[in-house]
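Peer 1: Going by full-length UniProt numbering, the first residue of the sequence shown is number 1, and it counts up by one from there.
Quick reminder that beta carbons are idealized off the backbone N, C-alpha and C, glycines included.
Predicted, not measured: the structure shown is a model, and the values here were computed from it.
Once you've had a glance at the structure underneath, I'll fire off some questions.
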Amino acid sequence: MATLDDQYDLVTIGAGSGGVRASRFAATLYGAKVACVELPFGFISSESVGGAGGTCVIRGCVPKKLLVYGAAFAEEFTDARGFGWALGGGAAAADGATGNGPVHDWSSLIKLKNKEIQRLNTTYGNILKNSGVTLIEGRGRILDATTVEVAAPDGAVRHLRAKNILLATGGVATKIPIEGAEHAIMSDNALALEALPPGPIAVLGAGYIATEFAGIFRGTHHYPVHLMFRGDKVLRGFDTECRDQVQTNLVARGVHVHPGCQPTRIEKKGEHQLVLHYRDSRGAGEQQLEVAMVMMATGRKPRVEGLGLEAVGVALDSSGAVQVDEYSRTSVPGIWAVGDVTNRINLTPVALMEGMAFAKSAFGGELTKPDYRNVASAVFCQPPLATVGYTEEQAVREFSGDIDVYVSRFRPMKYTISGRDEKTLMKLVVHAESDKVLGCHMVGPDAPEIMQGLAVALKCGATKAQFDATVGIHPTAAEEFVTMRTRTRTVPGTGASKL
Ligand SMILES: Cc1cc2nc3c(=O)[nH]c(=O)nc-3n(C[C@H](O)[C@H](O)[C@H](O)COP(=O)(O)OP(=O)(O)OC[C@H]3O[C@@H](n4cnc5c(N)ncnc54)[C@H](O)[C@@H]3O)c2cc1C
Ligand SMILES: NC(=O)c1ccc[n+]([C@@H]2O[C@H](COP(=O)([O-])OP(=O)(O)OC[C@H]3O[C@@H](n4cnc5c(N)ncnc54)[C@H](O)[C@@H]3O)[C@@H](O)[C@H]2O)c1
1 MATLDDQYDL
11 VTIGAGSGGV
21 RASRFAATLY
31 GAKVACVELP
41 FGFISSESVG
51 GAGGTCVIRG
61 CVPKKLLVYG
71 AAFAEEFTDA
81 RGFGWALGGG
91 AAAADGATGN
101 GPVHDWSSLI
111 KLKNKEIQRL
121 NTTYGNILKN
131 SGVTLIEGRG
141 RILDATTVEV
151 AAPDGAVRHL
161 RAKNILLATG
171 GVATKIPIEG
181 AEHAIMSDNA
191 LALEALPPGP
201 IAVLGAGYIA
211 TEFAGIFRGT
221 HHYPVHLMFR
231 GDKVLRGFDT
241 ECRDQVQTNL
251 VARGVHVHPG
261 CQPTRIEKKG
271 EHQLVLHYRD
281 SRGAGEQQLE
291 VAMVMMATGR
301 KPRVEGLGLE
311 AVGVALDSSG
321 AVQVDEYSRT
331 SVPGIWAVGD
341 VTNRINLTPV
351 ALMEGMAFAK
361 SAFGGELTKP
371 DYRNVASAVF
381 CQPPLATVGY
391 TEEQAVREFS
401 GDIDVYVSRF
411 RPMKYTISGR
421 DEKTLMKLVV
431 HAESDKVLGC
441 HMVGPDAPEI
451 MQGLAVALKC
461 GATKAQFDAT
471 VGIHPTAAEE
481 FVTMRTRTRT
491 VPGTGASKL
């Protein structure tokens, strides 16, 4: 028998990036009475496991970045020798683990990472409590447009009355449906592995997660790391020159990059003994690779199952995401949705923006649209890629008139002494007639830190002349963005948009 709770102005399902931000803002800025429903904490998500903080905090951005930091020491140890450091006769783990150099202990890193994530999970619970939001542990489901059912871990069921319901249930990783897919792990498991397997690792996919994990494993693992994908280049959708640079860097840093591969089957021969069967579309036909672990990083899908959406009439779009209008309203009045469950731009800062806009629309008396123009993002491969605005290809496709492209490729100062043979790539895409900077792109150390400032400039509509009039900070890599005077090429736009 379900108990009937108080009436809330808002019941949010999901205490991830979007849900926490929306609930907090609704309560603190607009005085709404808010309950937020979230599954019990755990590192690997499932139908019954989640935790306040959501994907970003528990099994996404934060743990991933901690592992990226951990892996990056391999590069630092190698480069340090060029600056006179003696680190034993051997090399860092990623350079072959000769046994004499610095040795990495993955299980220590994971234990420390887990401790930090548990701390953050508690912090997120406190953020909600301190904002006056009632955090309710359990699985949420919509019964009708004003009722959310919560099934607690102990089996107790409550019904929450809600004037508004916010769906903020995020997404889940997907596997490609091949025979033996059950032998592959996904990002949740990869971030929680107690030990790395004694043998090569194959990472399938070429998106954000695949390229980031190729770098993590390469930096920490003693065995080969293979990155296998069906296209010819990593990171589809990013600027082509940047994609080429990332791919070059992956190869130079020792990742075995296999373009044109379509996995067909995973065969388990024994513990840590897998055979990955794949089709090589570049002519080699059916191939096999023996590895100790396969990680699939082949995309995510919106988390809509078991939420009662069909019964209540919440429409989904063709990708299976909750369909929303520009104010995050679903097809049912009073039910809203933000974040990855709506599959707009699946990034934490975007979920935060959508959550804030929702709170203002629902409780602030002003319908407010999230603004998707010039959303910056970064891929934390090593070295990272960061970007804001139009790629060269998008600009040419969408704008009329000439597009000026400025490209700079240089060896970072640090590498002149360390001896690392790797170039940084910086790129500006400019609309010639208006002089507006349409896009900034970088592959190289500190790219994400540099790009955040440039995103402000693009948001303000900066022109190339204003970039040129900005005095650089010397000596930095970032100053190159304000000293690119010589146009690399001009490409005629083929689109209709003008500025
Ligand atoms: C490995 C990885 C790395 C990433 N790295 C980055 C990065 O570097 N930068 C970046 O911007 N983005 C990154 N992302 C994407 C980012 O994590 C997401 O875009 C973001 O977390 C989306 O927030 P959300 O609120 O929509 O959903 P989530 O954060 O997924 O939160 C949804 C919450 O809803 C809960 N929930 C689901 N169903 C129910 C239910 N029925 N009842 C109760 N609770 C429920 C879940 O437990 C979860 O806590 C990464 C993602 C992954 C997987
Ligand atoms: N740094 C960041 O901001 C960051 C990091 C990680 C994840 N994310 C977010 O999470 C989302 C999910 O990340 P992701 O890397 O899993 O997805 P993704 O969409 O970026 O990449 C998926 C990859 O899987 C491949 N793929 C899909 N179906 C396939 C099939 N049937 N056979 C072979 N290959 C297939 C795709 O070609 C692509 O290379 C990202 O789109 C991003 O929004 C962001």
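Ignoring anything shorter than 3 residues or poking outside the region 15-65, list the beta strand (DSSP E) runs there in chain order.
Peer 2: Within the region 15-65, the complete beta strand (DSSP E) runs of at least 3 residues are 34-38.
Peer 1: Determine the DSSP secondary structure at Y69, reduced to helix, strand or coil.
Peer 2: The answer is helix: DSSP assigns Y69 an H, G or I state.
Peer 1: Would you tell me roughly how many angstroms separate the C-alpha atoms of H258 and G84, rounded to the nearest one?
Peer 2: C-alpha separation (whole angstroms): 36 Å.
Peer 1: Taking only three categories from DSSP, how would you classify P302?
Peer 2: Strand.
Peer 1: Output yes if chain B places a C-beta closer than 8 Å to the C-beta of I178; else output no.
Peer 2: This model lacks chain B altogether, as it is built from one protein chain only.
Peer 1: Going by other Cβ atoms of all chains shown within 10 Å of its Cβ, with 16 needed for buried, is S328 buried or exposed?
Peer 2: Label assigned to S328: buried.
Peer 1: For K163, which option in V11, G472, M353 has the closest C-alpha, if you only look at C-alpha atoms?
Peer 2: Closest option to K163, Cα to Cα, is V11.
Peer 1: Just tell me which of G60, G439, A192, P302 has its CA closest to the CA of G171.
Peer 2: Residue P302 is the option with its Cα nearest to G171.
Peer 1: May I ask you to report which of helix, strand or coil DSSP gives V324?
Peer 2: Three-state DSSP puts V324 in coil, outside helix and strand.
Peer 1: Does DSSP put S336 in a helix, in a strand, or in coil?
Peer 2: Reading off the sequence shown, one finds Trp at residue 336, where the question assumed Ser. Here W336 sits in strand by DSSP.
Peer 1: V291 and A184 - do their beta-carbons sit closer together than 8 Å?
Peer 2: Their beta carbons are not under 8 Å apart, which means A184 does not touch V291 by this criterion.
Peer 1: Following the continuous beta strand (DSSP E) through Y406, name the residue where it begins and the one where it ends.
Peer 2: Y406 -> beta strand (DSSP E) spans 400-410.
Peer 1: Using only the alpha-carbon positions, how far apart do N43 and A214 sit?
Peer 2: The question names Asn, but residue 43 in the sequence shown is Phe. Taking the straight line from one Cα to the other gives about 21 Å.
Peer 1: Using 8 Å as the threshold, is the C-beta distance between N425 and G444 below it?
Peer 2: Here residue 425 turns out to be Leu, not Asn, going by the sequence shown. Yes. Within cutoff.
Peer 1: For ligand 1, any of its heavy atoms closer than 7 Å to the Cβ of R141?
Peer 2: At least one heavy atom of ligand 1 is nearer than 7 Å to the Cβ of R141, so yes.
Peer 1: Rounded C-beta distance between H441 and D239? I'm assuming under 8 Å.
Peer 2: With 8 Å as the limit, H441 and D239 qualify as a contact, their Cβ atoms being about 5 Å apart.
Peer 1: Which value, in whole angstroms, describes the spacing of the CA atoms of V437 and T463?
Peer 2: Going by the C-alpha atoms only, they are around 5 Å apart.
Peer 1: If the criterion is Cβ atoms closer than 8 Å, does the pair G205 and T298 meet it?
Peer 2: Contact flag set, yes.
Peer 1: So is the beta-carbon of N114 under 7 Å away from any non-hydrogen atom of ligand 1?
Peer 2: N114: no, Cβ never under 7 Å from ligand 1.
Peer 1: Quick test of the definition: if touching needs 3 or more C-beta pairs under 8 Å, does the region 186-195 touch the region 24-37?
Peer 2: Taking 8 Å as the limit for Cβ pairs, the verdict is that the region 24-37 does not touch the region 186-195.
Peer 1: Any idea if R373 is buried or exposed, counting beta-carbon neighbours within 10 angstroms, 16 or more meaning buried?
Peer 2: Per the 10 Å Cβ criterion, exposed.
Peer 1: What does the alpha-carbon distance come out to for the pair G54 and K175?
Peer 2: Taking the straight line from one Cα to the other gives about 20 Å.
Peer 1: In the DSSP output, which residue or residues are listed as bridge partners for N164?
Peer 2: Paired residue(s): L10.
Peer 1: Which of helix, strand or coil does DSSP assign to residue 504?
Peer 2: A question about residue 504 goes unanswered here, because the residues of the chain that appear run from 1 up to 499.
Peer 1: In terms of residue numbering, what span does the beta strand (DSSP E) encompassing G389 cover?
Peer 2: Element bounds for G389: 385-389.
Peer 1: What is the residue span of the beta strand (DSSP E) that L289 lies within?
Peer 2: Residues 285-291.
Peer 1: How many whole angstroms separate the CB atoms of R279 and G285, which I take to be in contact at a CB cut-off of 8 Å?
Peer 2: 7 Å between Cβ atoms; contact.
Peer 1: Say yes only if the C-beta of G270 is nearer than 7 Å to one or more non-hydrogen atoms of ligand 1, and no if none qualify.
Peer 2: For ligand 1, not one heavy atom lies less than 7 Å from the Cβ of G270.
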